[in-house]
Amino acid sequence: MDPDYVSDDSMSNSFELDGSDLSDAPSEETVILLTPPSSPEPGESDGYQVEAPASRRSTHSADRPAPVSGTTSVYFGGYSYARYHFTDEASHYRCSAYRRTKCKAKLYVSSMGAVETGNHMSNCVPDFRRAPVGPPPAILDRTDQMLLTTDAICVRDVTLTPLEVWCMVRDQFDGDDNDIVRGATKKQVLGRLYRTRAKLFGRDIFGRLERKPLCDVKSSPGLKFFQFHVTYYEDEVRHRLIGWLIGWAYPQLMDWMKQRKIFVDATYRCVPAPFYQLAIVMIYDSISELYLPVWYILTTGKTAQMYKRQFHNIYVALKQKLVPAHFVCDFEFAMIIAALGQFPEVTIVGCLFHFKQALCRKMLELKITDLEIDLAMREGCIDRPIIIRRMDITLRGIRHVRTMIKRDCRTRGVHYSKANWKKILEVFQGDLDPPI
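Under our numbering, the letters of the sequence shown match residues 108 to 543, in that order.
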């Protein structure tokens, strides 16, 4: 074997610095050139050594790979190249996507200029471009500029995702077709992005909302959407309460919250960890006949104390001018107690949908058959007592509902669960309190 031959094993240190996009390619595809060729070799093929003439070989150890610091990726003609071998005289690069696409394109850079060999595959980059033929390209190091630009972009627009920031920085420093750009890698840019945002805004994603510019409405620095962030202990359980105003685009919504009727609903499936539910406070616009959400409050629980703090913070944010006459909510005992505690003179109005939903859950708990439930839940049956006077519910409402369910069960041949229906209909004799 030629004594100047450099094996793949001896280049393991160089491959550790390879900036290619995948790492599953076999090492046999490595081409090693001890000096840069003056022109592309027509018979070049991965897996074979291409040597320089004996008269041009160096007799000292400079031909062997040596560890160097800094980036190993360059950009030329719209493509990214990763260094796989270098000497004191030249650096050898190949397409960064070669492991994924089996691309044979290579770039040899020395003090005499640069030589590009091979053709890129169609899927090396989304936009296929070729470098024009012309003078030797200039080599530009823009690593520091890319990192400084990353700092500026990630702070200027905090709504950008890390991938969007990387694309903006990469496109800005792509360079002309005649330039070889040595810059920061994707890993370096994303790392700089995370460190910069963590230093300025903190590592807690919810704690960042308390600082500018994240607490400001976009394009309206003087308008704050963030309203409160409360952390407290209930016995030994730590709770968090985060609320913000969604009506920032329509400041009059804050004044509309002072009207006499408000609506509260909660959902559980669309909350981020570690929160438990999202409470939505709405008002009804009689002109558009729409419910307008004004407040969103993330909570880690659904206890009475949690709801009390929630309504109290809304009351304080509205400068203590919220005095509703009607409070519409579902049949949740903790929420009703908290609403009466914050607004003693308010009238609690139960939501019909949640009322029937609670009745259905109670029927299933008592093992009432599905056929009986279907008969009771149809319009004009179990919900009939809510449209008559309270004094007539016991004598007329309950009796009418019981008679209707018995008659329909007899007509359909369904067994009537007398004891269970007695427990259900007793709900109407009270104030619709929710053990349901």
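C-beta atoms are modelled at their ideal positions from N, C-alpha and C, and glycine is treated no differently.
Taking the alpha-carbon positions, what's the residue i to residue j distance?
| i | j | result |
| --- | --- | --- |
| C274 | G184 | 17 Å |
| I494 | P381 | 41 Å |
| E439 | I312 | 31 Å |
| I369 | Q412 | 20 Å |
| C436 | L466 | 15 Å |
| V276 | K293 | 10 Å |
| A212 | D278 | 22 Å |
| E479 | P492 | 18 Å |
| K407 | Y340 | The sequence given here has Thr at residue 407, not Lys. Roughly 11 Å separates the two Cα atoms. |
| E317 | Q449 | 26 Å |
| Y188 | R302 | 27 Å |
| P172 | I260 | At P172, the pLDDT of 34 sits below 50, so the modelled position is not reliable; the number obtained from the coordinates is stated separately. Taking the straight line joining both Cα atoms gives about 37 Å. |
| I475 | R514 | 16 Å |
| R190 | Q252 | 21 Å |
| I394 | L360 | 14 Å |
| R497 | H507 | 14 Å |
| V521 | R376 | 36 Å |
| K209 | S229 | 11 Å |
| D258 | L247 | 21 Å |
| I444 | T510 | 34 Å |
| I421 | W402 | 8 Å |
| R249 | A291 | 8 Å |
| V344 | Y200 | 58 Å |
| N397 | V371 | With the sequence shown as reference, residue 397 is identified as Leu, and Asn is not the correct amino acid for it. Rounded to the nearest angstrom, the two C-alpha atoms are 14 Å apart. |
| V265 | F280 | 21 Å |
| D195 | A221 | 15 Å |
| F418 | H336 | 13 Å |
| V324 | T268 | 18 Å |
| C231 | D342 | 59 Å |
| K530 | K415 | 31 Å |
Indicate whether residue i and residue j have their beta-carbon atoms separated by less than 8 Å.
| i | j | result |
| --- | --- | --- |
| V453 | L447 | yes |
| I545 | W363 | As shown, the chain starts at 108 and ends at 543. That puts residue 545 outside it, with no answer to give. |
| I505 | A483 | no |
| A441 | T410 | yes |
| A197 | S217 | yes |
| Y182 | V272 | no |
| C322 | F333 | yes |
| L51 | L399 | Beyond the ends of the chain as shown, which are 108 and 543, falls residue 51; an answer cannot be given. |
| K525 | L429 | no |
| L473 | N527 | yes |
| D499 | L459 | no |
From the DSSP output, read off the bridge partner residues of residue i.
| i | result |
| --- | --- |
| Y186 | F183 |
| Q389 | Checking the displayed sequence, the identity of residue 389 turns out to be Met instead of Gln. Answer is F370 and P400, bridged to M389. |
| V220 | The sequence shown places Gly at residue 220, rather than the Val named in the question. BP columns for G220 point to S217. |
| H346 | Y339 |
| L297 | Note: L297 sits in no beta bridge, so no partner. |
| H192 | H199 |
| T406 | L348 and Q384 |
| I246 | I287 |
Take the Cβ of residue i as the centre, count every other Cβ of all protein chains shown within 10 Å, and call the residue buried at 16 or more, exposed below.
| i | result |
| --- | --- |
| T338 | exposed |
| L348 | buried |
| P379 | exposed |
| C202 | buried |
| A204 | buried |
| V423 | exposed |
| L214 | buried |
| E223 | buried |
| F462 | buried |
| T518 | exposed |
| L270 | exposed |
| V534 | buried |
| P431 | buried |
| F434 | buried |
| A305 | exposed |
| R299 | buried |
| L532 | buried |
| T256 | buried |
| R485 | exposed |
| R206 | buried |
What first and last residue would you give for the alpha helix (DSSP H) that runs through residue i?
| i | result |
| --- | --- |
| G457 | Unbroken run through G457 is the beta strand (DSSP E), T454 to G457; no alpha helix (DSSP H). |
| E479 | D477 to M484 |
| F418 | A411 to A424 |
| D281 | Per DSSP, D281 belongs to no alpha helix (DSSP H) and is neither H nor E. |
| F440 | F440 to Q449 |
| I505 | I505 to R519 |
| H206 | Sequence inspection shows Arg at residue 206; the His mentioned does not correspond to that position. That run of the alpha helix (DSSP H) goes Y205 to T208. |
| Q252 | T250 to R263 |
| N527 | K525 to L532 |
Tell me which residue opens and which closes the beta strand (DSSP E) that residue i is part of.
| i | result |
| --- | --- |
| K213 | K213 to S217 |
| A197 | A197 to C202 |
| F434 | H433 to C436 |
Sorry if obvious, but does the Cβ on residue i come closer than 7 Å to a heavy atom of the ligand GDP?
| i | result |
| --- | --- |
| D477 | Judged by which ligands are present, the structure shown has none, so any question about the ligand GDP falls away. |
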